[in-house]
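Chemist: Can you read through this structure? Questions will come right after.
Number of protein chains: 2
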Amino acid sequence: MELFPVPDVPEVREGDDLAALVSERVDLRPDDVVCVASTVVSKAEGRFADLDDFPAGPRARELAARLAELTGDEKDPRFAQAVLEESVDLVMSEPFLLTETRFGHVGVNAGIDRSNVPDHDLLLLPKRPSESAERIRAGVDADRVIVTDTCGRPFRHGQRGVAIGWAGLSASRDWRGEADRDGRELGVTVESVVDELAAAANLVQGEGDGGTPVVVVRGFEWGDHGESDAHFRDIDGDFVRQALREWRYDP
Amino acid sequence: MELFPVPDVPEVREGDDLAALVSERVDLRPDDVVCVASTVVSKAEGRFADLDDFPAGPRARELAARLAELTGDEKDPRFAQAVLEESVDLVMSEPFLLTETRFGHVGVNAGIDRSNVPDHDLLLLPKRPSESAERIRAGVDADRVIVTDTCGRPFRHGQRGVAIGWAGLSASRDWRGEADRDGRELGVTVESVVDELAAAANLVQGEGDGGTPVVVVRGFEWGDHGESDAHFRDIDGDFVRQALREWRYDP
Ligand SMILES: Nc1nc2c(ncn2[C@@H]2O[C@H](COP(=O)(O)OP(=O)(O)O)[C@@H](O)[C@H]2O)c(=O)[nH]1
Ligand SMILES: Nc1nc2c(ncn2[C@@H]2O[C@H](COP(=O)(O)OP(=O)(O)O)[C@@H](O)[C@H]2O)c(=O)[nH]1
Ligand SMILES: [Mn+2]
Ligand SMILES: [Mn+2]
Ligand SMILES: [Mn+2]
Ligand SMILES: [Mn+2]
């Protein structure tokens, strides 16, 4: 298995055809997985925004005031408003905003970026990243596309690449029912392949000014395994979300 | 960047020299990252165990009885005892046991495996995986070694490869203070490189009877970035753990 960045990608602008940008720069094969940073998907889809687009309502003003009080930093209530408008559930409001986006992803500040955004204050995540992946897939010679983002997680420090959209492959390899080396049946392993591919791609994409938003994974074989498309947990099956709902931050 | 499995690894037994097993099968380069599944590290270190080794105390009996009641499946109190003995903190006891291991990793059932364990009931995680990584590193021509495991996470379905020990590299790349494409300073990104490498390796290791516990990552460049060795969160900085501590499962 091999990973390489698509070279010489320019600054992506609204309306750009990402599939064409990639296809002009690299000869793709059908079984390649094309991993595209959400940043450039958002740029192509015109998901730029400015703080003035989000006049703060009372809830946003309250959240921002409370966060400012807790962290000692000024917080712009318009940013809190943007986070609320991008979210369907506020998972945690203190000491930072952790929300569920419309497409089911749980992330800090609804995944709104303030880095790598020229001429605007904010870059929102793509509206429906799996549909974005599907559109890119329709225009490239590779059969599999993943839209990635970088985000943090509980229990472990730091952030890592994750998949927020995918097309042409299932989210997970389901190993249940297969045999281990001793012929014993595997009980619980469902492997989140799209997240593992996104994590791998993120090592090559980087987080800064590298200019390498698209990484090709070549030679990844799914193998003869079950498939599952479950990716984002509902609150019903997510005890951590249930616990956070009841929890109150105590500084 | 390229990943390939070390071929023809035999069944690993207690006392085996993993560094020699790998070195005999592949020509390593100094900048390779050798990713070794915790399963075989545990086997080499003799971390096999049997349920009879863990006579259940009252707490384990209570936990097992409660889990059996909740799930409808019989639970062996000796297994609960093994989990308790491998842990320093019970993060969640219902509807499954989520604990912190002695070395700081939070995982279900203290990471104790019942797959790929010949002739014994259980395989415990290595006692100090970073020391295991360091020992392997001392015997191979590669400068970087990661001990991996597979585990689940909140918010997202499925499991993925993570690093539980590492040697010869830092846990994370610290991008803070670097510039984005527009010269704006990056604020929060610390990238968990060892977890991303472990996730990538896990795609090649697999979960079943593939027999590929060791994967070499070739051509990964750290680049000129800051480093951090923080990997497992303390409860003080982990709001999810704090929330779980107070939460009670309500079936
Ligand atoms: N060539 C090019 N690279 C970009 C552009 N926007 C971001 N990048 C690069 O894409 C990679 C990932 O950027 P990041 O902001 O971390 O994206 P995210 O993880 O999707 O939020 C980095 O190497 C950036 O330098 C762009 O418009 N053109
Ligand atoms: N050759 C060989 N492969 C093994 C051995 N034990 C496990 N494996 C393989 O190592 C890979 C990872 O196994 P798994 O049980 O998921 O390990 P874990 O993720 O560390 O818990 C799979 O391909 C297994 O078939 C062994 O003793 N010898
Ligand atoms: Mn982002
Ligand atoms: Mn990123
Ligand atoms: Mn394991
Ligand atoms: Mn595994």
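First to last, the sequence lines map onto chains S and Y.
full-length UniProt numbering applies: residue 1 is where the first sequence begins, and numbers increase by one.
full-length UniProt numbering applies: residue 1 is where the second sequence begins, and numbers increase by one.
Note that CB positions come from ideal geometry on N, CA and C, so glycine has one too.
Fair warning: this is a prediction, and the values are worked out from it, not measured in the lab.
How about Val-162 (chain Y): is its Cβ closer than 7 Å to a heavy atom in ligand 2?
Modeler: Working through the second sequence from its first residue, we reach residue 162 (chain Y) at position 162. No.
Chemist: Can you tell which of S:Glu-14, S:Phe-54, S:Phe-4 and S:Arg-13 has the C-alpha that lies nearest to the C-alpha of Arg-25 (chain S)?
Modeler: What you label residue 25 (chain S) is simply residue 25 of the first sequence in a count that begins at 1. Comparing Cα positions, the closest option is S:Phe-4.
Chemist: Can you give me, in chain order, the residues of the region 139 to 158 of chain Y that have a beta carbon less than 9 Å from any beta carbon in chain S?
Modeler: Thr-150, Gly-152, Arg-153, Pro-154, Phe-155, Arg-156, His-157 and Gly-158
Chemist: Counting only Cβ pairs nearer than 7 Å, list the residues of chain S close to Gly-208 (chain Y).
Modeler: By 1-based counting over the second sequence, the position of residue 208 (chain Y) is 208. In chain order: Trp-175, Glu-178, Ala-179, Asp-180 and Leu-186.
Chemist: Note down, in chain order, every chain Y residue with its Cβ under 8 Å from the Cβ of Pro-7 (chain S).
Modeler: Within the first sequence, the letter at position 7 stands for residue 7 (chain S). What Pro-7 (chain S) touches in chain Y: nothing, since even the nearest Cβ is about 15 Å away.
Chemist: Quick test of your reading: Val-193 (chain Y) and Arg-173 (chain Y), contact by CB under 8 Å. State the CB separation rounded to the nearest angstrom.
Modeler: Taking the second sequence and counting its residues from 1, the one referred to as residue 193 (chain Y) is at position 193. Taking the second sequence and counting its residues from 1, the one referred to as residue 173 (chain Y) is at position 173. Taking C-beta atoms under 8 Å as the contact rule, Val-193 (chain Y) and Arg-173 (chain Y) qualify, at a distance of about 5 Å.
Chemist: In the DSSP assignment, find the alpha helix (DSSP H) that holds Ser-115 (chain Y) and state where it starts and stops.
Modeler: Stepping through the second sequence from its first residue, residue 115 (chain Y) is reached at position 115. That residue, Ser-115 (chain Y), is in no alpha helix (DSSP H); it is neither H nor E in DSSP.
Chemist: Would Ile-136 (chain S) pass as a contact of Trp-166 (chain S) if the rule is Cβ separation under 8 Å?
Modeler: Here residue 136 (chain S) is taken as the residue at index 136 of the first sequence, counted from 1. Here residue 166 (chain S) is taken as the residue at index 166 of the first sequence, counted from 1. Between Ile-136 (chain S) and Trp-166 (chain S), the C-beta spacing is not below 8 Å.
Chemist: So, is the C-beta of Trp-247 (chain S) closer than 8 Å to a C-beta in chain Y?
Modeler: Mapped onto the first sequence, residue 247 (chain S) falls at position 247. Yes, Trp-247 (chain S) counts as interfacial toward chain Y.
Chemist: Quick check: does the Cβ of Lys-43 (chain Y) come within less than 7 Å of any heavy atom belonging to ligand 2?
Modeler: Residue 43 (chain Y) sits at position 43 when you count from the first residue of the second sequence. At least one heavy atom of ligand 2 is nearer than 7 Å to the Cβ of Lys-43 (chain Y), so yes.
Chemist: Reducing DSSP to helix, strand and coil, say where Ala-80 (chain S) ends up.
Modeler: Here residue 80 (chain S) is taken as the residue at index 80 of the first sequence, counted from 1. Helix.
Chemist: Please classify Val-88 (chain S) as buried or exposed, where buried requires at least 16 neighbouring CB atoms within 10 angstroms.
Modeler: Walking along the first sequence from the start, residue 88 (chain S) turns up at place 88. Its Cβ having fewer than 16 others within 10 Å, Val-88 (chain S) is exposed.
Chemist: If I measure Cβ to Cβ from His-120 (chain Y) and keep anything under 7 Å in the same chain, skipping five residues before and after, which residues do I get?
Modeler: In the second sequence, residue 120 (chain Y) corresponds to position 120, counting from 1. Phe-48, Ala-49 and Asp-50.
Chemist: Should His-231 (chain S) be flagged as near chain Y, meaning a C-beta pair shorter than 8 Å?
Modeler: On the first sequence, position 231 is the one that residue 231 (chain S) refers to. Output row for His-231 (chain S): interface = yes.
Chemist: Return yes when the C-beta of Thr-148 (chain Y) is under 7 Å from any heavy atom of ligand 2, and no when it is not.
Modeler: For the purposes of this step, residue 148 (chain Y) is taken as residue 148 along the second sequence, with counting starting at 1. Yes; taking the cut-off as 7 Å, the Cβ of Thr-148 (chain Y) has a heavy atom of ligand 2 nearer than that.
Chemist: Quick one: is Gly-165 (chain Y) near chain S, going by C-beta distance under 8 Å?
Modeler: To locate residue 165 (chain Y), count along the second sequence from 1; it is residue 165. No - not a single Cβ of chain S is within 8 Å of the one on Gly-165 (chain Y).
Chemist: Thinking just about the alpha-carbon of each residue, which of Y:Ser-130, Y:Ser-115 and Y:Asp-229 is nearest to the one in Leu-123 (chain Y)?
Modeler: Counted from its first residue, the second sequence places residue 123 (chain Y) at position 123. The residue with the shortest Cα to Cα distance from Leu-123 (chain Y) is Y:Ser-115.
Chemist: Just to check, is the beta-carbon of Ala-200 (chain S) closer than 7 Å to a non-hydrogen atom of ligand 6?
Modeler: Looking up residue 200 (chain S) in the first sequence gives position 200. No, the Cβ of Ala-200 (chain S) stays beyond 7 Å of every heavy atom of ligand 6.
Chemist: Keeping to the same chain, check which residues put their C-beta closer than 8 Å to that of Trp-175 (chain Y); ignore five residues upstream and five downstream.
Modeler: Numbered from its first residue, the second sequence carries residue 175 (chain Y) at position 175. Excluding positions up to five away in sequence, the list reads Leu-186, Thr-189, Val-190, Glu-191, His-225 and Gly-226.
Chemist: Of all the options S:Glu-74, S:His-231, S:Gly-168 and S:Asp-182, which has the alpha carbon lying nearest to the alpha carbon of Gly-152 (chain Y)?
Modeler: Along the second sequence, read from residue 1 onward, the residue named residue 152 (chain Y) stands at position 152. Checked all of S:Glu-74, S:His-231, S:Gly-168 and S:Asp-182; the closest Cα to Gly-152 (chain Y) is S:His-231.
Chemist: I need the boundaries of the beta strand (DSSP E) containing Glu-246 (chain Y), first residue and last residue.
Modeler: Counting from 1 along the second sequence, the entry for residue 246 (chain Y) is found at position 246. From DSSP, Glu-246 (chain Y) is part of no beta strand (DSSP E) but of the alpha helix (DSSP H) over 239 to 246.
Chemist: Nearest to Ser-93 (chain Y) by alpha carbon, out of S:Phe-239, S:Asp-250, S:Leu-244 and S:Trp-247?
Modeler: Taking the second sequence and counting its residues from 1, the one referred to as residue 93 (chain Y) is at position 93. Out of S:Phe-239, S:Asp-250, S:Leu-244 and S:Trp-247, S:Phe-239 has the C-alpha closest to the C-alpha of Ser-93 (chain Y).
Chemist: Mind checking the region 43 to 65 of chain S against chain C and listing, in chain order, the residues whose C-beta falls within less than 7 Å of any C-beta there?
Modeler: Structure shown: chain C not included; protein chains present are S and Y.
Chemist: Buried or exposed for Arg-233 (chain Y), going by 16 or more other Cβ atoms inside 10 Å?
Modeler: Taking the second sequence and counting its residues from 1, one reaches residue 233 (chain Y) at position 233. Label assigned to Arg-233 (chain Y): buried.
Chemist: Give the single residue among Y:Gly-57, Y:Leu-63 and Y:Asp-149 whose Cα lies nearest to the Cα of Cys-35 (chain Y).
Modeler: Here the question's residue 35 (chain Y) lines up with position 35 in the second sequence. When only C-alpha atoms are compared, the closest one is Y:Asp-149.
Chemist: For Pro-118 (chain Y), return the contacting residues in chain S, with the cut-off set at a CB-CB distance below 9 Å.
Modeler: Looking up residue 118 (chain Y) in the second sequence gives position 118. Arg-181 and Asp-182, listed in chain order.
Chemist: Here's the rule: buried if 16 or more other CB atoms are within 10 angstroms of the residue's CB, otherwise exposed. What is Arg-156 (chain Y)?
Modeler: By 1-based counting over the second sequence, the position of residue 156 (chain Y) is 156. It counts as buried.
Chemist: Looking at Val-216 (chain S) and Leu-28 (chain S), is the spacing between their C-beta atoms short of 8 Å?
Modeler: Locating residue 28 (chain S) in the first sequence gives position 28, counting from the first residue. Locating residue 216 (chain S) in the first sequence gives position 216, counting from the first residue. Yes, the Cβ-Cβ distance between Leu-28 (chain S) and Val-216 (chain S) is below 8 Å.
Chemist: Where in the region 108 to 157 of chain S do unbroken runs of the beta strand (DSSP E), each at least 3 residues long, occur, reported from the N-terminal end onward?
Modeler: 144 to 152
Chemist: With three or more C-beta pairs closer than 8 Å as the rule, is the region 199 to 210 of chain Y touching the region 193 to 210 of chain S?
Modeler: yes
Chemist: Excluding the 5 residues preceding and the 5 following Val-12 (chain Y) in the sequence, name in chain order all residues of the same chain whose CB lies nearer than 6 Å to its CB.
Modeler: For this step, residue 12 (chain Y) is matched to residue 12 along the second sequence. Excluding positions up to five away in sequence, the list reads Val-40, Lys-43 and Ala-44.
Chemist: If you measure between the beta carbons of Ala-56 (chain Y) and Pro-77 (chain Y), is that distance less than 8 Å?
Modeler: By 1-based counting over the second sequence, the position of residue 56 (chain Y) is 56. By 1-based counting over the second sequence, the position of residue 77 (chain Y) is 77. With respect to the 8 Å criterion, Ala-56 (chain Y) and Pro-77 (chain Y) are classified as neighbours on the basis of their beta carbons.
Chemist: Give the single residue among S:Leu-84, S:Asp-113 and S:Leu-90 whose Cα lies nearest to the Cα of Arg-181 (chain Y).
Modeler: Working through the second sequence from its first residue, we reach residue 181 (chain Y) at position 181. Selected option, being the one with the closest Cα: S:Asp-113.
Chemist: Could you give the distance in angstroms between the alpha-carbon of Val-9 (chain S) and the alpha-carbon of Glu-131 (chain S)?
Modeler: Along the first sequence, read from residue 1 onward, the residue named residue 9 (chain S) stands at position 9. Along the first sequence, read from residue 1 onward, the residue named residue 131 (chain S) stands at position 131. Near 22 Å, if we compare the C-alpha coordinates of Glu-131 (chain S) and Val-9 (chain S).
Chemist: Along the region 190 to 209 of chain Y, where does the CB come closer than 8 Å to a CB of chain S? Name the residues.
Modeler: Val-190, Glu-191, Ser-192, Val-193, Asp-195, Glu-196, Leu-197, Ala-199, Ala-200, Asn-202, Leu-203, Val-204, Gly-206, Glu-207, Gly-208 and Asp-209
Chemist: According to DSSP, is Val-41 (chain S) helix, strand or coil?
Modeler: Within the first sequence, residue 41 (chain S) is the residue found at index 41, counting from 1. If DSSP states are grouped into helix, strand and coil, Val-41 (chain S) belongs with the helices.
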